[in-house]
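Presented below is the structure to which this report refers.
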Amino acid sequence: MEWQGLQVGMTGRAEEQVTEANLAKTLGSGSLPVYSTPAMSCLMERAAAELLELHVPTGWTTVGSSMAIEHRAPSPLGAEIRAEAEVTAVEGRKVCFAVRAFAGTQEIGSGTHERFAVDAERFMAKACSLPV
Numbered sequence: 006m007e008w009q010g011l012q013v014g015m016t017g018r019a020e021e022q023v024t025e026a027n028l029a030k031t032l033g034s035g036s037l038p039v040y041s042t043p044a045m046s047c048l049m050e051r052a053a054a055e056l057l058e059l060h061v062p063t064g065w066t067t068v069g070s071s072m073a074i075e076h077r078a079p080s081p082l083g084a085e086i087r088a089e090a091e092v093t094a095v096e097g098r099k100v101c102f103a104v105r106a107f108a109g110t111q112e113i114g115s116g117t118h119e120r121f122a123v124d125a126e127r128f129m130a131k132a133c134s135l136p137v
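Going by this note's numbering, the first residue of the sequence shown is number 6, and it counts up by one from there.
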C-alpha cells in the first residue's frame, strides 16, 4: 500500500455545533450540559480520518488505533467546535497526528492520534469472522 500524496504537515479539519446529542449529560460521560470529551475525541478522529480518505488507494480505508487527549475547557450548548489533525509522521501504513480542538479561538483540547491503513475487504472479513 502506498499513500497517494500524503505528507507530514498536512492538516484535516472537522466542525460541529454543541447540541443536546453531544453533551456530557446526554452521552453519560458526565452530569453537566457541556460538550463531552467523547464528542471532542470523535471530532478529532473525524478530522484525521477525512484527511486520510483523500490519500488511500481504492479499496483501502483507515482505522483508529490510538488516542491520547486532554479536554481542558468546557463549551456550552450552541458553541461552534473545530478540530484539527496535523500529520506528524508517516510510518508505512501508520500515520501519527497532533490533534487540537477549539471553541472559537480558544483551544479546548489537544493530544495525539494514530491511524492505520487497511484493505477494507480483508478488514471486514476478519471482523465478520469474530464471534458475536
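Backbone N, C-alpha and C fix where the C-beta goes; we use that ideal spot for every residue, glycine too. This one's a predicted model, so the numbers in the text were calculated from it and none came from an experiment.
Arg105 - containing beta strand (DSSP E), residue span: Lys99 to Ala108
Taking the alpha-carbon positions, what's the Thr93 to Met6 distance? Cα to Cα, the separation comes out at about 19 angstroms.
What number of angstroms, rounded off, separates the C-alpha of Val68 from the C-alpha of Ser34? Across the structure, Val68 and Ser34 are spaced so that their CA atoms are roughly 23 angstroms apart.
So for Arg77, helix, strand or coil by DSSP? coil
Span of the alpha helix (DSSP H) around Glu85: Here Glu85 belongs to no alpha helix (DSSP H); instead the beta strand (DSSP E) covers Glu85 to Glu96.
Which same chain residues end up closer than 7 angstroms to Ser80 when comparing Cβ atoms and leaving out the 5 residues on each side of it in sequence? Val23, Val39, Tyr40, Ile86, Ala108 and Ile113
Identify which residue in Gly116, Pro43, Pro62 and Arg127 has its Cα closest to the Cα of Gly10. Of the candidates Gly116, Pro43, Pro62 and Arg127, the one whose C-alpha sits nearest the C-alpha of Gly10 is Pro62.
Answer yes or no: do Val100 and Leu135 have a C-beta to C-beta separation smaller than 8 angstroms? no
Cα-Cα separation, Arg18 to Gly83: 19 angstroms
Assigned secondary structure, Leu11 (DSSP; H/G/I helix, E/B strand, else coil): coil
With DSSP collapsed to three states, give me the class of Met45. helix
Assumed close pair Ala73, Gly116 - CB separation to whole angstroms, cut-off 8 angstroms: 5 angstroms
Return helix, strand or coil for Ser34, following the three-state DSSP convention. coil
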